[in-house]
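In full-length UniProt numbering, the protein residues as written are 1 to 228.
Note that CB positions come from ideal geometry on N, CA and C, so glycine has one too.
I have placed the structure first, in the form of structure tokens, so that the comments after it can refer back to it.
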């Protein structure tokens, strides 16, 4: 991929490099797309990146399966969601928040049936002070930002994972019909799913940011070790 030389750029060892490349290079995980090399020309910079031999946009996977009358099973959702969860845990351990989680930013490697988190163009370093500008897709905006115009990156990641989980379970019915509905309504989850996964959704989509579990705590929920 080649891009025009433009902000945001970071200073590293006396040289300006794209923030996206720097943040991606900090995270090494099998479920995060890897960047191998950064090449500069006078007007562009180019990424040499990992590219699975056979892959598909995860949004298309979800939609195509649903259109064919064979939506992802809860068991499949759990497997893919666990991989995305573990990828984001590693990101946070390396001081990085993705800030634009959604199916379109996930790739399914068809050779091994594993997902990879891609597109760190809106990612940031974790900071102590709240973020005061929202990056990402409005559907994934956390309620605390709607109320205060501020949010913690890690707490917002937990919220985004909740929206993502519902998108994976039910591509036709989103968690909230409109983003602002999260301020006054509970998330919508189709009744036929297990009570355990519903409980995970409610944990992730707690409207009180400081009462949400961490990503590591989420992974300890019994749903991740059950068979459907």
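For residue 182, no alpha helix (DSSP H) run applies, since DSSP gives it neither H nor E.
The beta carbons of residue 94 and residue 137 sit no closer together than 8 Å. Per DSSP, the beta-bridge partners of residue 49 are 35. Per DSSP, reduced to three states, the secondary structure at residue 114 is strand. In this structure, DSSP gives residue 207 a state outside helix and strand, which the three-state scheme calls coil.
Our two residues, residue 131 and residue 171, have alpha carbons roughly 29 Å apart in a direct line. Per DSSP, residue 101 is not a residue of any alpha helix (DSSP H), being assigned neither H nor E.
By the 16-neighbour rule on beta-carbons within 10 angstroms, residue 199 is exposed. For residue 147, the enclosing alpha helix (DSSP H) covers residues 143 to 148.
Here residue 105 is buried, its C-beta having at least 16 other C-beta atoms within 10 Å. For residue 152, no beta strand (DSSP E) run applies, since DSSP gives it neither H nor E. Burial check for residue 113: the Cβ neighbour count within 10 Å stays below 16, so the residue is exposed.
Shown here for residue 92: same chain residues with a beta carbon closer than 8 Å to its own, the five before and five after excluded, namely 126, 154, 157, 215 in chain order. Residue 46 and residue 191 have their C-alpha atoms some 47 Å from each other. Within the same chain, Cβ atoms closer than 6 Å to the Cβ of residue 159 are found at 142, the five residues on either side in sequence being excluded. At the C-beta level, residue 87 and residue 166 stay beyond 8 Å of one another. In terms of Cβ geometry, residue 117 and residue 61 do not form a close pair [threshold 8 Å].
The C-beta distance from residue 25 to residue 111 rounds to 24 Å, too long to meet the 8 Å contact threshold. Put simply, of 185, 168, 124 the residue whose alpha carbon is nearest the alpha carbon of residue 176 is 185.
In the three-state DSSP reduction, residue 178 falls in the coil class, being neither helix nor strand.
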